[in-house]
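K.L.:
Numbering follows the working numbering, with no gaps: position 319 of the sequence shown is 325.
Even for Gly, the Cβ is constructed at its ideal location relative to N, Cα and C.
Everything numeric in this text was worked out from a predicted model, so none of it was measured.
Structure incoming, see below.
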Amino acid sequence: MKKTGRGELTVYWYENPPIFYKGKDGQLLGIEYEIIEGFVKFLKDSFNVQLKVNFLQQKDFNHAYQAIAEKTSGFNLGAARISITDERKKQVNFSSPYMADISVLLSSNDLPFVNNDEELRKILSEATAVTMEGTTFEKDLIALKKENQLRFPVTYVTKNSGIIEAINGQNRSFGYVSLLTYLANFNSAANHLKRQNFLMKIHSGYALIFPRRSSLEFPFTLYTTSKQYESSLKKSIANYVNLDLYQFIQQMQFNPENNISLLNKEKSIQENYIKIQSEQIQNERNDQRNLIYFILCIGILTILATILYRVQKKNHYLVNKQKMWIESQSDEIKSINDNLELSIQARMEELENENKTLEDSAFFTAHKLRAPLASILGLVYLLQKTERSQQERLTLQRLHETLLELDKILHDAINIIEKAEVPDKTL
């Protein structure tokens, strides 16, 4: 590979969020996937080696593990959140662990909490275990069964999260799951499952695996001991899990009071979840309040605009009617004898009075419109003087500006009416 500057790596993996999985668009994602991508980049940047990676999906954990265990050499890698155990070290080589491996025993909600060995034998002997074949979860159940001389049937699933789903959907069932999976699903699982407090298992950690005599182990070790790996791993953990949750799990394996710490962590997660839910509810209420303000403003503006439009339409109709009448009388007026001037003058005065009455009516109507508008402006001003949230202050400010614009429109209408020309008295 050094001579040619090229190489080919085959990765055997199985679906196991958030460790290794496919996204909605079929793109590969997960913590172990990003570790492998970081390794490929490390070889390119450090040794100018271009590595082609073939990802071969396996149907379950056992197939992914056996694909590597059956090989003796070559550029092959197993990615399946594999626990480091002494038994497996005889079959494969491990990378350095990227995460602590802690398992907790969950049971369906209908099973009581186990407080001592006698209760353990009585309760679990009448229940069904759920696990994944070939995993440390299965081995921990076998050890539990043997140490306490228990007899219980076992059902198998193909993925880690499937254990939680199976226990949640089946009465009188129990099984081991990773602490990471349990805490990541705590808010949805807490009301349906129980964690049996004193049956926690701590192993050596999760890692990727190679064939026993693989030439891949040396360059991969160089990468996992580099500064690039440390920073890249933290970013991957933050992307898929939660850096605080990851650090808590790392500390749990060295904490002699780990059960108390876990109880406190569960409480913290639940309190944080309740806080987030409360904030979401408050935001929804604020949105609803703002929507009501907006609808109220639109309603007020619509009513005022409708009233103003109808008044203007009526005034326009009356003015046009007068104009048409005057025009229809034009020829008749021209043919009238000079001695009828007084009669014409009297008629023009009548028209002038009618027009004046019309203008007074329009002026009065416009002023009447300004009165409720002034009241609304006053109410808005009082609301602005009270303590409000930022969003409410912005909404009231917008309402105030809109009402000022409407007040200006009415003011302009009054000015137009005041400046309207009267009929020429000399006609």
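S238 and G44 look like a contact to me (Cβ under 8 Å); what is the Cβ gap, rounded to whole Å?
P.N.:
So it is a contact: roughly 4 Å between Cβ atoms.
K.L.:
If you compare alpha carbons, which of E272, K241, K200 is closest to P118?
P.N.:
Comparing Cα-Cα distances from P118 to each of E272, K241, K200, the minimum goes to K200.
K.L.:
What ranges does the beta strand (DSSP E) occupy inside the region 57-94, keeping only unbroken runs of at least 3 residues that lie completely in it?
P.N.:
With a minimum length of 3 residues, the continuous beta strand (DSSP E) runs that stay inside the region 57-94 are 82-89.
K.L.:
Where does I25 sit, in a helix, a strand or coil, going by DSSP?
P.N.:
In the structure shown, I25 sits in coil (DSSP, three-state: anything other than H, G, I, E or B).
K.L.:
So, is A73 buried or exposed, given that buried needs 16 or more other C-beta atoms within 10 angstroms?
P.N.:
Burial call: buried.
K.L.:
Counting C-beta neighbours from all protein chains within 10 Å, is the total for K50 16 or more, i.e. buried, or is it exposed?
P.N.:
By the 10 Å Cβ count, K50 comes out exposed.
K.L.:
Kindly list the residues whose CB is nearer than 7 Å to the CB of K431, restricted to its own chain and excluding five residues on each side of it in sequence; keep chain order.
P.N.:
Confidence is the limiting factor: at K431 the pLDDT is only 43, short of 50, which leaves the residue's position unreliable and the question unanswerable from this model.
K.L.:
Runs of 3 residues minimum, wholly inside the region 172-205: which ones carry the beta strand (DSSP E) assignment?
P.N.:
Segments of the beta strand (DSSP E) lying fully in the region 172-205: 179-184.
K.L.:
Apply the 10 Å Cβ neighbour rule to Q294 and answer buried if 16 or more other Cβ atoms are within range, or exposed otherwise.
P.N.:
Its Cβ having fewer than 16 others within 10 Å, Q294 is exposed.
K.L.:
So A135 is in the beta strand (DSSP E); what residue range does that whole segment cover?
P.N.:
Start and end: 134-138.
K.L.:
Less than 8 Å between the CB of M206 and some heavy atom of the ligand MG, yes or no?
P.N.:
Annotation note on the ligand MG: not contained in the displayed structure, which lists no ligands.
K.L.:
Are F180 and L228 close, meaning C-beta to C-beta below 9 Å?
P.N.:
No; because the gap between Cβ atoms is not below 9 Å, this pair is not in contact.
K.L.:
Quick check on the burial criterion: 16 or more other C-beta atoms within 10 angstroms. Buried or exposed for E40?
P.N.:
That one is buried.
K.L.:
What separation, rounded to the nearest whole angstrom, lies between the Cα atoms of Q253 and N154?
P.N.:
Q253 and N154: Cα-Cα distance of roughly 33 Å.
K.L.:
Strictly by DSSP, which residues pair up with R12?
P.N.:
The partner list for R12 (beta bridge, DSSP) reads Q56.
K.L.:
So what does W19 bridge to, in DSSP terms?
P.N.:
Per DSSP, Q63, A85.
K.L.:
Give me the residue from T134, K145, Q176 with the minimum Cα distance to R157.
P.N.:
Answer by Cα proximity: T134.
K.L.:
Return helix, strand or coil for L214, following the three-state DSSP convention.
P.N.:
If DSSP states are grouped into helix, strand and coil, L214 belongs with the strands.
K.L.:
Output the distance between the C-alpha atoms of N68 and K281, rounded to the nearest integer angstrom.
P.N.:
C-alpha separation (whole angstroms): 41 Å.
K.L.:
Alpha carbon to alpha carbon, how far is K28 from R404? Give it in angstroms, no decimals.
P.N.:
Rounded to whole angstroms, R404 to K28 spans 47 Å at the Cα level.
K.L.:
Would the beta-carbon of E272 fall within 9 Å of that of F192?
P.N.:
Cβ atoms of E272 and F192: closer than 9 Å.
K.L.:
I298 to R316, Cα distance in whole Å?
P.N.:
The straight-line gap from Cα to Cα measures roughly 27 Å.
K.L.:
For the beta strand (DSSP E) holding Y162, just list the boundary residues, first then last.
P.N.:
That run of the beta strand (DSSP E) goes 160-163.
K.L.:
Quick one: what's N296 bridged to in DSSP?
P.N.:
According to DSSP, N296 bridges with nothing at all.
K.L.:
Could you spell out where the alpha helix (DSSP H) holding E237 opens and where it closes?
P.N.:
The question names Glu, but residue 237 is Ser in the sequence shown. Run containing S237: 233-246, per the alpha helix (DSSP H) assignment.
K.L.:
Hey, does S102 have any beta-carbon neighbour from chain D nearer than 9 Å?
P.N.:
This model lacks chain D altogether; it includes just one protein chain.
K.L.:
Go ahead and label P378 buried or exposed: buried means 16 or more other beta carbons lie within 10 angstroms of its beta carbon, across all protein chains shown.
P.N.:
By the neighbour-count rule (16 or more Cβ atoms within 10 Å), P378 is not buried but exposed.
K.L.:
Short of 7 Å in beta carbon distance, which residues of its chain neighbour D123, apart from the five on each side in sequence? Order them along the chain.
P.N.:
N154, listed in sequence order.
K.L.:
Hey, S184 and S109: beta-carbon distance below 9 Å or not?
P.N.:
Cβ distance < 9 Å, so S184 and S109 count as in contact.
K.L.:
Under 9 Å, do I90 and S210 count as touching if we go by C-beta distance?
P.N.:
Going by C-beta atoms, I90 is nearer than 9 Å to S210.
K.L.:
Thinking just about the alpha-carbon of each residue, which of N174, L302, K145, F216 is nearest to the one in F81?
P.N.:
The residue with the shortest Cα to Cα distance from F81 is F216.
K.L.:
When the Cα atoms are used, what is the spatial distance from N421 to K362?
P.N.:
Roughly 15 Å separates the two Cα atoms.
K.L.:
Could you name the residues that DSSP lists as bridge partners for S110?
P.N.:
Note that residue 110 is Val in the sequence shown, not Ser. DSSP output for V110 lists V183 as bridge partner(s).
K.L.:
Hey, V17 and V55: beta-carbon distance below 9 Å or not?
P.N.:
Cβ atoms of V17 and V55: not closer than 9 Å.
K.L.:
Which word fits W19, buried or exposed, when buried means at least 16 other C-beta atoms lie within 10 angstroms of its C-beta?
P.N.:
With 16 or more other Cβ atoms within 10 Å, it is buried.
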